[in-house]
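Just so you know, the sequences run in chain order A and B. Take the position in the first sequence, starting the count at 1, then add 9; the result is the number in the working numbering. Take the position in the second sequence, starting the count at 1, then add 117; the result is the number in the working numbering. Since the structure comes first, as structure tokens, the remarks are kept for the end.
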Amino acid sequence: MADLEAPQSKSRDLDKLLLRAGNLVGPDFYPGTEVKALISQLSIVSSSFSDFVIRLLSLRVLVVGAGGLGCELLKDLALSGFRNLDVIDMDRIEVTNLNRQFLFRLEDVGKPKAEIAAKRVMERVSGVEIVPHFSRIEDKELEFYNNFNIIALGLDSIEARRYINGVACGFLEYDEDDTPRRETIKPMVDGGTEGFKGHARVIVPGVTPCFECTIWLFPPQVKFPLCTLAETPRNAAHCIEYAHLIKWHEVHGGKSFDPDEPEHMKWVYDEAVKRAELFGIPGVTYSLTQGVVKNIIPAIASTNAIISAACALETLKIVSGCSKTLANYLTYNGGEGLHTKVTEFVRDKDCLVCGPGILIELDTSVTLQKFIDMLEEHPKLLLSKASVKHGKDSLYMQAPPVLEEMHRPNLSKSLYDLMGRVQKDTVHVFGTALKNEEKQSSLTKLRVVFKGADGVADMDTAIGA
Amino acid sequence: MIGLFKVKEKQREQAQNANRGGASVKKQSAGELRLHKDISELNLPSSCAISFPNGKDDLMNFEVSIKPDDGYYHNGTFVFTFQVSPVYPHEAPKVKCKTKVYHPNIDLEGNVCLNILREDWKPVLNINTVIYGLFHLFTEPNSEDPLNHEAAQVLRDNPKLFETNVRRAMTGGYVGQTFFPRCI
Chain A
10 MADLEAPQSK
20 SRDLDKLLLR
30 AGNLVGPDFY
40 PGTEVKALIS
50 QLSIVSSSFS
60 DFVIRLLSLR
70 VLVVGAGGLG
80 CELLKDLALS
90 GFRNLDVIDM
100 DRIEVTNLNR
110 QFLFRLEDVG
120 KPKAEIAAKR
130 VMERVSGVEI
140 VPHFSRIEDK
150 ELEFYNNFNI
160 IALGLDSIEA
170 RRYINGVACG
180 FLEYDEDDTP
190 RRETIKPMVD
200 GGTEGFKGHA
210 RVIVPGVTPC
220 FECTIWLFPP
230 QVKFPLCTLA
240 ETPRNAAHCI
250 EYAHLIKWHE
260 VHGGKSFDPD
270 EPEHMKWVYD
280 EAVKRAELFG
290 IPGVTYSLTQ
300 GVVKNIIPAI
310 ASTNAIISAA
320 CALETLKIVS
330 GCSKTLANYL
340 TYNGGEGLHT
350 KVTEFVRDKD
360 CLVCGPGILI
370 ELDTSVTLQK
380 FIDMLEEHPK
390 LLLSKASVKH
400 GKDSLYMQAP
410 PVLEEMHRPN
420 LSKSLYDLMG
430 RVQKDTVHVF
440 GTALKNEEKQ
450 SSLTKLRVVF
460 KGADGVADMD
470 TAIGA
Chain B
118 MIGLFKVKEK
128 QREQAQNANR
138 GGASVKKQSA
148 GELRLHKDIS
158 ELNLPSSCAI
168 SFPNGKDDLM
178 NFEVSIKPDD
188 GYYHNGTFVF
198 TFQVSPVYPH
208 EAPKVKCKTK
218 VYHPNIDLEG
228 NVCLNILRED
238 WKPVLNINTV
248 IYGLFHLFTE
258 PNSEDPLNHE
268 AAQVLRDNPK
278 LFETNVRRAM
288 TGGYVGQTFF
298 PRCI
């Protein structure tokens with residue numbers, strides 16, 4: 010395999026990680042040229058390669074977002090030797106992206122980010138295959154996400170992270186003793202930046218905390234009281250929000266405001282200027298208007314580069330085992346001096362998204378009513394007056410009366426039918442639970458398995474290595 | 118960690134097959150789950166009622182009608198629309214008043230000035246607390262936080278006139294230049 014040796018200059022830094030053993034390497038790490046095949050430009054899969062290398066070569070990574078972080082991530086992963094990448098982004102390139110989203114040029118404005126980003130990286134890095142998806146993340150089938158070994162996130166919203174986290178954790182399955190099954194784990198590497206601040210985190214569902222486990226750590230968004238906007242504006246942002254939230258509806262009635270419509274933005278800006286003049290407030294500019302209305306925090310290219318590098322390195326570590334992964338949340342602050350810190354977040358064992366939930370085995374004939382009665386008797390639940398939800402469908406609601414009435418016909422149907430005749434799936438139940446002799450409001454995840462249903466009846470068949 | 122990829126292809130396929138049934142179910146958001154719980158635990162006074170214009174499959178958009186049993190707005194019926202985002206409870210529900218009302222804290226477009234809907238929203242709050250907050254606006258209209266400037270001024274300077282104006286608006290009529298449809 011001597012011919013695998015690439016010129017030293019090109020992969021020197023990767024060689025240090027992949028060709029040498031070390032004290033921090035994972036238990037399954039085999040240093041050497043086989044791992045290096047991952048980073049080589051070879052397109053032949055030799056029969057002499059071990060399963061290990063073939064797996065690395067067929068590894069697929071999804072990059073979510075092709076913006077400031079996404080551009081960096083794609084480039085970093087490609088240069089680290091990842092050969093099969095997909096990138097998904099619903100946006101088109103805007104002229105204001107060009108200062109930091111370096112894969113884009115002026116003539117690309119208006120084109121889909123994912124497509125141009127994929128094209129540019131493939132032009133510059135030989136051997137890499139990048140499939141672009143110009144699409145909303147919610148519009149892809151859930152199975153689409155199951156095609157990837159790792160999902161790297163370069164997103165800018167809690168909502169999108171929460172969605173992908175839910176999807177990835179949805180693939181996770183647990184054994185009967187509540188240990189996660191390795192083959193169903195879909196690791197995520199999440200990056201985020203705001204100005205000079207950023208974070209990188211590794212989420213291994215079932216092993217490290219998922220996004221939902223720690224969602225309460227997010228600071229609340231700053232919102233101004235409406236009456237302040239209407240009566241006592243004190244700064245430029247108050248004037249802009251007045252025009253955006255109050256004046257727009259007063260003048261345009263039912264027409265909803267579209268922040269991506271330049272005419273709408275100009276109108277809000279003009280109104281904000283008038284208001285600022287009225288109250289003698291300085292500082293309303295067009296770019297501040299955009300910033301306040303779209304909640305934009307200026308993006309700094311170097312922060313993106315640093316966070317992306319951390320994310321790409323973590324992705325490489327998860328794949329190769331060449332070192333321990335970040336445990337599990339890195340914060341970076343380059344605003345005043347430079348400060349980075351790694352914090353180990355802990356899992357919420359009762360997390361409704363990544364937690365194992367409580368395993369319940371049922372006959373396919375059990376009706377919803379019977380199931381609800383069983384929850385009251387179940388020693389781990391003692392849940393009375395339970396409402397039941399399966400995916401997007403609510404199967405039963407105890408209250409309010411209008412909803413109870415709408416769901417009542419379900420009670421006599423079999424749960425198996427109501428859940429679409431699947432052999433096993435997750436449901437959520439909520440109601441009043443008896444804990445330490447006290448009644449408490451409770452929301453719990455259940456893994457329902459139907460005995461004797463079609464398909465794989467035995468939970469154990471998919472386990473083992 | 119490479120162990121993640123060591124499982125034989127066959128087992129991987131099996132896992133996928135077993136999972137397929139579940140995966141075809143539309144993904145719910147964690148916010149939706151919390152909202153359903155909030156709704157099932159509503160504990161409303163008889164003067165408040167909730168309804169779901171889009172039926173049982175859309176609980177993220179609903180209406181709450183409030184019929185104050187005391188104070189200036191006694192016997193009026195005021196309908197609020199609630200829009201709950203998937204990010205709930207990280208973000209407050211968006212609440213608008215559908216009924217045109219002469220009120221210091223609600224403007225003529227239906228914007229509501231209630232602290233817990235904006236600057237003081239916390240994820241520990243819930244739909245019940247918001248409804249009680251709205252209810253409170255009718256028993257204790259507040260001239261300090263005006264959204265309808267004129268109404269606030271009248272309430273502050275001449276409560277008797279304010280009472281007359283509220284009555285006139287609720288029975289369907291003009292207050293100044295503005296017409297209010299009947300809501301009693």
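Heads up, the beta-carbon is just placed ideally off N, CA and C, and yes, glycines get one too.
What separation, rounded to the nearest whole angstrom, lies between the Cα atoms of residue i and residue j?
i, j, result
"Q294(B)", "G227(B)", "17 Å"
"A466(A)", "F227(A)", "Unreliable positioning characterises A466(A) in this predicted model, as indicated by a pLDDT of 42, which lies under 50. The coordinate reading is nonetheless provided below. About 42 Å."
"E257(B)", "D98(A)", "48 Å"
"T453(A)", "V397(A)", "10 Å"
"P218(A)", "Q407(A)", "32 Å"
"V213(A)", "H253(B)", "46 Å"
"S89(A)", "A318(A)", "10 Å"
"V54(A)", "R69(A)", "Any reading at V54(A) is ruled out, since the residue's pLDDT is 46, under 50, leaving its predicted position unreliable."
"L107(A)", "R114(A)", "7 Å"
"Q270(B)", "K215(B)", "23 Å"
"G74(A)", "S146(B)", "20 Å"
"D95(A)", "V218(B)", "53 Å"
"S52(A)", "K350(A)", "Interpretation of S52(A) is limited by its pLDDT of 42, a score under 50 that renders its predicted location unreliable; the figure taken from the coordinates is listed afterwards. Spanning the two alpha carbons is a distance of roughly 39 Å."
"C236(A)", "P263(B)", "6 Å"
"I194(A)", "G215(A)", "7 Å"
"R284(B)", "H191(B)", "9 Å"
"L23(A)", "P40(A)", "11 Å"
"F233(A)", "D165(A)", "22 Å"
"T312(A)", "E221(A)", "25 Å"
"S141(B)", "L151(A)", "With a pLDDT of 44 at S141(B), under the threshold of 50, the modelled position of this residue cannot be trusted, and the question is left open."
"K239(B)", "L390(A)", "28 Å"
"K206(A)", "G343(A)", "6 Å"
"S202(B)", "P418(A)", "29 Å"
"K297(A)", "N222(B)", "According to the sequence as given, residue 297(A) is Leu; it is not Lys. Cα-Cα distance, rounded: 28 Å."
"A245(A)", "D224(B)", "22 Å"
"R191(A)", "K84(A)", "29 Å"
"T376(A)", "L368(A)", "18 Å"
In terms of residues, what are the limits of the alpha helix (DSSP H) holding residue i?
i, result
"C165(B)", "C165(B) -> not in any alpha helix (DSSP H); beta strand (DSSP E) instead, spanning 165-168."
"D382(A)", "377-386"
"T302(B)", "Outside the displayed span of chain B (118 to 301) sits residue 302(B), for which this structure offers no information."
"M415(A)", "410-416"
"I316(A)", "310-329"
"G79(A)", "77-88"
"R285(B)", "276-287"
"E3(A)", "Outside the shown range of chain A (10 to 474) lies residue 3(A), about which nothing can therefore be said."
"E259(A)", "257-261"
"I173(A)", "167-179"
Could you name the residues of chain B that residue i contacts, counting a contact when the two beta carbons are closer than 9 Å?
i, result
"G175(A)", "K144, Q145, S146, A147"
Beta strand (DSSP E) containing residue i: first to last residue?
i, result
"D269(A)", "Taken as a continuous stretch (DSSP letters only), D269(A) belongs to no beta strand (DSSP E), as it is neither H nor E."
"N93(A)", "93-98"
"H348(A)", "348-352"
"I367(A)", "367-372"
"V196(B)", "195-200"
"T237(A)", "First-last for T237(A): 235-240, but that is the alpha helix (DSSP H), not the beta strand (DSSP E)."
Along chain A, which residues have their Cβ under 8 Å away from the Cβ of residue i?
i, result
"K239(B)", "P229"
"S168(B)", "V411"
Closer than 8 Å by beta-carbon distance: list the chain B residues that pair up with residue i, in chain order.
i, result
"V198(A)", "Neighbours of V198(A) on chain B: none; closest Cβ ~12 Å, over 8 Å."
"H261(A)", "Near H261(A) there are no residues of chain B at all, since even the closest Cβ is about 10 Å away, more than 8 Å."
"Y251(A)", "In chain order: nothing, as chain B lies at least about 11 Å away."
Could you work out which residues of chain A lie near residue i, taking near to mean beta carbons separated by less than 9 Å?
i, result
"N192(B)", "Those within 9 Å of N192(B) in chain A number zero; the least Cβ separation is about 23 Å."
"R235(B)", "K232, F233, P234, L235"
Item checked: chain B contacts from the stretch 393-424 of chain A (Cβ-Cβ distance under 8 Å) -> Correct list: S396, K398, H399, G400, K401, D402, S403, M406, Q407, A408, P409, V411, L412, M415, H416.
(message) Which residues of the stretch 232-245 of chain A have a Cβ closer than 7 Å to any Cβ of chain B? Give them in chain order.
(response) Contact annotation: in the stretch 232-245 of chain A, residues whose CB is within less than 7 Å of a CB in chain B are K232, F233, P234, L235, C236, A239, E240.
Could you please tell me which residues of the stretch 152-185 of chain B, in chain order, have their CB closer than 8 Å to any CB of chain A? Those residues of the stretch 152-185 of chain B that come within reach of chain A (Cβ to Cβ, closer than 8 Å) are H153, K154, I156, S157, E158, L159, L161, I167, S168, F169, G172, K173, D174, L176.
Exercise for the section: Spell out a yes or no on whether the stretch 160-173 of chain A and the stretch 129-147 of chain A are touching, meaning 3 or more CB-CB pairs, one atom from each, closer than 8 Å. Expected result: Cβ pair count under 8 Å is three or more, so yes.
Any C-beta of chain B within less than 8 Å: which residues of the stretch 179-192 of chain A qualify? Under the 8 Å Cβ criterion, the stretch 179-192 of chain A contributes G179, F180, E182, R190, R191, E192.
Q.
If the cut-off is 9 Å on Cβ atoms, which residues from the stretch 261-278 of chain B count as contacting chain A, listed in chain order?
A. Considering only beta carbons, the part of the stretch 261-278 of chain B lying closer than 9 Å to chain A consists of E261, D262, P263, L264, N265, H266, A269, in chain order.
### Task
Can you give me, in chain order, the residues of the stretch 240-251 of chain B that have a beta carbon less than 7 Å from any beta carbon in chain A?
The residues in question are P240.
key: Segment contact flag, the stretch 252-263 of chain A with the stretch 271-290 of chain A, C-beta cutoff 8 Å, min 3 pairs   = Contact holds: three or more Cβ-Cβ distances are below 8 Å.
Q | Where the stretch 436-457 of chain A meets chain B: residues whose CB sits under 7 Å from a CB there | A | Here the close residues are H437, F439, S450, L452.
Would you list, in chain order, the members of the stretch 328-347 of chain A that have their beta-carbon closer than 8 Å to a beta-carbon of chain B?
The residues in question are V328, S329, G330, T334.
*If you pair each beta-carbon of the stretch 431-440 of chain A with each one of the stretch 180-198 of chain B, do three or more pairs fall below 8 Å?*
A contact between stretches requires three or more CB pairs, one per stretch, nearer than 8 Å, and the stretch 431-440 of chain A fails this requirement with the stretch 180-198 of chain B.
- Check distances from the C-beta atoms of the stretch 150-170 of chain A to those of chain B and list, in chain order, the residues that come in under 7 Å. Within the stretch 150-170 of chain A, the qualifying residues are L151, E152, N155, N158, I167, E168.
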